[in-house]
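Engineer:
Numbering (my numbering), first residue to last: 1 to 270.
(1) Can you tell me whether DSSP reads residue 84 as helix, strand or coil?
(2) In three-state DSSP terms, what is residue 146?
(3) Does residue 248 come out as helix, strand or coil in the three-state DSSP assignment?
(4) Going by alpha carbons, who is nearest to residue 205 out of 216, 224 and 195?
(5) Considering only the beta carbon of each residue, do residue 157 and residue 92 sit closer than 8 Å?
(6) Within 10 angstroms of the Cβ of residue 169, are there 16 or more other Cβ atoms? Answer buried if so, exposed if not.
(7) What residue range is occupied by the uninterrupted beta strand (DSSP E) comprising residue 186?
(8) If you reduce the DSSP assignment to three classes, tell me which class residue 137 lands in.
(9) Which residue comes first and which comes last in the beta strand (DSSP E) that contains residue 111?
(10) Just to confirm, is the Cβ distance from residue 135 to residue 148 under 8 Å?
(11) With residue 98 as the anchor, note down where its beta strand (DSSP E) starts and where it stops.
(12) If you draw a straight line from the C-alpha of residue 129 to the C-alpha of residue 83, how long is it?
(13) Residue 166: buried (16+ other C-beta within 10 angstroms of its C-beta) or exposed?
(14) Three-state secondary structure (DSSP) at residue 263?
(15) Could you compute how far the alpha carbon of residue 95 sits from the alpha carbon of residue 40?
(16) Near residue 190, what residues of its chain come up, given a Cβ to Cβ distance below 7 Å and the 5 sequence neighbours on each side ignored?
(17) Measure the CB-CB distance between residue 256 and residue 222 and report whether it falls below 8 Å.
(18) Determine the direct distance from the alpha carbon of residue 236 to that of residue 211, and round the result to whole angstroms.
(19) Under 8 Å, do residue 123 and residue 113 count as touching if we go by C-beta distance?
(20) What's the call for residue 263, buried or exposed, on a 16-neighbour Cβ count within 10 Å?
(21) Got a sec, what are the start and stop residues for the beta strand (DSSP E) residue 200 sits in?
(22) Looking only at its own chain, which residues have a Cβ that is under 7 Å from the Cβ of residue 218, when we skip the five neighbours before and after it?
(23) Do residue 133 and residue 183 count as a contact pair if the criterion is CB distance below 8 Å?
(24) Just list the residues that DSSP pairs residue 238 with in beta bridges.
(25) Is it right to say residue 228 is buried, meaning 16 or more other beta carbons lie within 10 angstroms of its own, or is it exposed?
(26) With C-beta atoms as the reference, is residue 53 less than 8 Å away from residue 32?
(27) Buried or exposed for residue 47, going by 16 or more other Cβ atoms inside 10 Å?
In C-alpha cells form, the structure reads like this:
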C-alpha cells in the first residue's frame with residue numbers, strides 16, 4: 001500500500017521528460033498541469049533540465065482598487081489592459097471623507113451600462129441621512145479609468161433610491177479621508193482579474209515550456225533560465241514582458257500580444 005501511494009504521488013508531478021518536476025511556485029512544489037489562480041505577486045523558480053508548465057494560469061477573480069477615486073472629469077486608471085466590456089459588477093465598496101468618517105462599507109445599487117460606459121451608486125446611512133456617490137467607468141488607451149460623478153444625500157434611511165432621478169442635495173466630493181464631504185475610498189471590480197506580477201526565476205540550465213491557454217493579465221518577467229513559448233497565450237491575455245540580463249525567451253515562432261522590454265545581455269529567440 002505504501003508503494004502504491006508513492007507511485008500515485010509521483011505520477012501527479014511527472015513531466016513529459018519522464019522526471020518529477022522541481023519547479024516551485026512561491027517556494028512550494030505544485031502540480032504543473034493543474035489550473036492555478038495566481039496572487040498579485042507570483043514567483044516560479046527552480047526546475048531541472050527540460051520542464052513544462054501546462055496548467056492554465058489565471059489572476060484573482062476581482063480587481064481590488066484601493067485609494068480614493070478623483071472627481072470627474074479627472075479619472076484614475078483602475079484596471080490596466082482591461083476594458084469596460086469585461087466589467088460585470090462592483091462589490092466590496094467603501095466610502096470615506098470627513099462627512100462619513102474614515103472609511104465606511106457601502107452598499108451597491110444601480111450598476112448599469114450607459115452607452116460605452118458603466119456606472120454604479122454606492123450608498124450608506126449616516127446619522128439621519130442616506131448618502132450616495134456615483135462612480136463612472138470608461139475606457140482609456142491604457143485600460144479602465146474611473147471617477148466620481150457626484151455626492152448627494154437625502155433625509156432618512158432610504159437605501160436603494162436612485163439618486164439619478166430623485167430630488168437630493170449635493171455634497172462635496174472627497175478625494176481623501178481628510179477632505180470635507182465623501183467619496184469612493186475603495187472598490188472591487190467583478191469580472192476584472194487582479195493584475196499579476198509573475199516572475200520566472202529558473203535555474204540557469206532549465207528550459208521551461210509554457211503551453212497553457214493562460215488568462216491572467218499582468219507583467220511577466222523572465223529573470224533567469226529559459227522560457228519557451230508553447231501557446232500564444234503563454235504569457236496571458238495582455239500585459240508586459242520583461243527579459244532580464246542573462247535570461248532567455250524562446251518565442252518558438254509564436255506572435256505574442258504584449259509589449260516587450262529586453263535588457264542588454266538577455267536573449268530573445270524568434
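Ideal Cβ placement from N, Cα and C applies to all residues, glycine included.
This structure is a prediction, so every number in the text was calculated from the model and none was measured.
Structural biologist: Well, looking at it:
(1) Note: residue 84 maps to helix in three-state DSSP.
(2) Reduced to three states, the DSSP call for residue 146 is strand.
(3) Strand.
(4) Residue 205 has its Cα closest to that of 224, out of 216, 224 and 195.
(5) In this structure, residue 92 does not lie closer than 8 Å to residue 157 by Cβ.
(6) That one is exposed.
(7) Where residue 186 is concerned, the enclosing beta strand (DSSP E) stretches over 183-190.
(8) Reduced to three states, the DSSP call for residue 137 is strand.
(9) Residue 111 -> beta strand (DSSP E) spans 101-114.
(10) Yes.
(11) From DSSP, residue 98 is part of no beta strand (DSSP E); its letter is neither H nor E.
(12) So the two alpha carbons sit approximately 35 Å from each other.
(13) Within 10 angstroms of the beta-carbon of residue 166 lie fewer than 16 other beta-carbons, which makes it exposed.
(14) Residue 263 carries a coil assignment under DSSP once its states are collapsed to helix, strand and coil.
(15) In a straight line, the C-alpha of residue 95 is about 24 Å away from that of residue 40.
(16) These residues qualify, in order along the chain: 62, 88, 89, 90 and 91.
(17) At a Cβ-Cβ threshold of 8 Å, residue 256 and residue 222 do not count as neighbours.
(18) Residue 211 and residue 236: Cα-Cα distance of roughly 11 Å.
(19) One thing to note: residue 123 has its Cβ no nearer than 8 Å to the Cβ of residue 113.
(20) Exposed, since its Cβ has fewer than 16 Cβ neighbours within 10 Å.
(21) Taken as a continuous stretch (DSSP letters only), the beta strand (DSSP E) holding residue 200 covers 196-202.
(22) Excluding sequence neighbours, residue 218 sits near 59, 195, 196, 197, 198, 236 and 239.
(23) In contact: residue 183 and residue 133 (Cβ atoms closer than 8 Å).
(24) Residue pairing by DSSP puts residue 238 in a beta bridge opposite 217.
(25) Under this definition residue 228 is a buried residue.
(26) Judged by beta-carbon spacing, residue 32 lies within the 8 Å limit of residue 53, meaning their Cβ atoms are closer than that value.
(27) Buried, by the Cβ-count rule.
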